[in-house]
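Sequential numbering from 1 applies to the sequence shown in the UniProt record's numbering. Read through the structure below, which is laid out as structure tokens, and then see the notes.
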Amino acid sequence: MDESEKQALRDLKAQTVQELQSLPIDFRLCSSVDDRLASYIKACIERPEAHNLYELLAIKKFHIMTCRYELRALEVQKFILTYEFLEFPSDEGAKRYKLTPIQVFQFTNIEGFFYPGTERKVITDALLFVPRKFSKTTSVASLAVKDLLFGDANAQAFVVANSSKQAKICFDVIRFILKRLDHKMRRFKINREQVFNLCRGKSSFAQCLASDVGTLDGLNASTVIVDEYAQADSAALKNVLTSSMGVRLNPLTVIITTASSKTETPFYEMLKTYKSVLRGEIEMDSVFAHIFEPDVDDDEGDPATWYKVQPHLGVTCREEFYKDKWDKAQLCAEDMQEFRNKLLNIFAHSELEDWIPTKEIESRSIRTDIESFRGVRCVASVDLSVCDDLSAVSYLLYMPGRVLPERTTETPFHSITHYYFPEGQIATHPNGELYQRWADAGYLTLCAGAVIDYRQIVNDILSKPFSILGVGYDRYKAEEFIRLLKSSPGVGKEHLYEIAQTYGNFTSPVESFELSLYTNRITFEDNPITAYCFGNATIDEDRLENRKPIKKKQSGKIDGAITNVMNFWMLNNIKMTQ
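Okay, structure coming up:
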């Protein structure tokens, strides 16, 4: 996030605070629902510095909803009465809990809004994006119990997660609650992963899932609880369940999750969309999102920040717990990442392991019209695969005297990277869903068949409007590609440069690339795959202190990072006659 984006968020919060303090919020209506609802909203408005931007925007959206729809106090009160009667597992055994003011606000939004004159609820999708130890899993289990007891006669409530172990956490709460309701097990049949309502006229059940979507047929879900969705690499299981809800009058999907180190996930994209909803950029009244994270200027080690992101600090979680975890995070990169992900609710990975953090590429990424670079001199480099990996072609354009808008210094370099992958491999590849999303968005070119089409890549290179002075390549897997390129009209071996992938060969271009990046002399064509590749790279040194980017883990893809560095080798080594 660059400074202009941070300032925009600062300005939006200031504007939101001003609006909330002048809005004619109906506190009598709030108190008629529950005094805790009114007290929570008042606390947010009176002490906005203790609440993050998106929490305040949720208050603003609540006010808008009260103006558009019916807020039925009785429906909320029935839920609260049910919740506070249920017995939940605790360290002390079975225990009843009073809802906190913030929970009353959450469940009021989920349960209370109806389309005027109908029995149809407005909210169909809810997100509780909160840190660890909020008690989100325990509290949301009550929604499945309510559906099982009081929902449709054939209600189907599902608890899903990225693993069976995670899904069982929430489902075991449901099982515990039902066992406490029916000690003799006359009204419920409870199995390890499924419970059935045996009451007359009822065929409702609740089920725990973390399985192959191919085995799920004939579903008719009414409630879907998705636990720790930020960890999920695929939306397939959630989508199978939510797509079965079409006949339900009041379907409900609840996402409960904490941040993770993974940003190339369906949840990360969902979170961006829901933030846009709260900012008023997208109108989507069927969504309730409660998002807890630090504001842009918050100090990670300040207890005030901890209370802001964890509103149950002192209720379900001790401040000493945060203090202890923060102290340990100062000593270890992995512990710091865990603190940021799970306790501050920030998407972050250990930047100490990064070579070039993704944000450095993202902040320098712009969208351009390639035709505007017709005739511009450039070099190109390729990193090729055969069938199971990305192939990348990077073009480094050189435009001396280029000054970007709102800048006074020269930015002579612009890098454009195109990526390729065989379409026939995408269904079975571990990153297949991610690659398909990139392809659908136009960031990744899919080659027909099960292998990379080198002819297609060659044709793409030759069709570019740039004046390409030379093409660099790694000899490995490039023999067919080079043969095709050499045989193309106007291309000879004098335009082709073999770049040995040795540490010694990369040291100088690595330094040149870093210098250009950190002196803001280079921009990148907007493509999330490029930032993704740099995020997967770390810099390694051999015994002679030669430096080269390598993968942080074997499954990481760094093709775009490698080709960008290879282009600086090209600049240093291209024949002067060119």
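C-beta atoms are modelled at their ideal positions from N, C-alpha and C, and glycine is treated no differently.
Sorting S467, D233 and T538 by C-alpha distance to the C-alpha of I370 places S467 at the top. In the three-state reduction of the DSSP assignment, P422 falls in the strand class, which pools E and B. When DSSP reads this structure, Y398 sits in a beta bridge with F413. Here the alpha carbons of F321 and D440 stand approximately 44 Å from one another. Selection I522, E406, A58 and D453 evaluated against C387 yields D453 as nearest (Cα-Cα).
Counting along the chain, A441 sits inside no beta strand (DSSP E), nor does DSSP assign it H or E at all. Counting other Cβ atoms within 10 Å of its Cβ, L81 stays below 16 and is therefore classed as exposed. Counted as a single uninterrupted DSSP element, the alpha helix (DSSP H) harbouring P509 occupies residues Y503 to Y518. Collapsing the DSSP output to three states places H495 in a helix. A direct Cα-to-Cα measurement between P24 and A537 gives close to 52 Å.
Within the model, the alpha-carbon separation for Y419 versus A126 is close to 36 Å.
Between L469 and R377 the beta-carbon gap is near 6 Å, inside 8 Å, which marks them as a contact.
Taking 8 Å as the cut-off, the Cβ atoms of V104 and R47 do not count as close. Checking the DSSP bridge columns, you'll see F113 partnered with L71. Across the structure, N220 and K146 are spaced so that their CA atoms are roughly 17 Å apart. In the structure shown, A50 falls within a helical segment according to DSSP collapsed to helix, strand and coil. Per DSSP, the beta bridge partners of R547 are E541. Contact annotation: S488 and V458 have beta-carbon atoms nearer than 8 Å. The residue among E84, I499, P311 and E283 with its C-alpha nearest the C-alpha of R68 is E283. Secondary structure note for V247: it is in no beta strand (DSSP E), with a DSSP letter that is neither H nor E. The continuous alpha helix (DSSP H) containing E5 extends over residues E3 to S22. Check the Cα spacing between L444 and each of Y532, L198 and E545: the tightest is with Y532. Restricted to the region 335 to 392, the alpha helix (DSSP H) segments that are unbroken, complete and at least 4 residues in length are 358 to 362, listed in chain order.
Distance from the CA of R132 to the CA of D335, rounded to the nearest whole angstrom, comes to 15 Å. Residue Q337 holds the alpha-carbon nearest to the alpha-carbon of S260 among V224, Q337 and L249. For the pair G93 and E433, the Cα-to-Cα distance works out to about 43 Å. Relative to D91, the option among T316, Q207 and E49 whose CA is nearest is T316.
The residues P422, E423 and G424, in chain order, have a CB closer than 8 Å to that of G449 in the same chain once the five nearest residues on each side in sequence are set aside. Assignment of beta-bridge partners to K98 by DSSP yields no partner.
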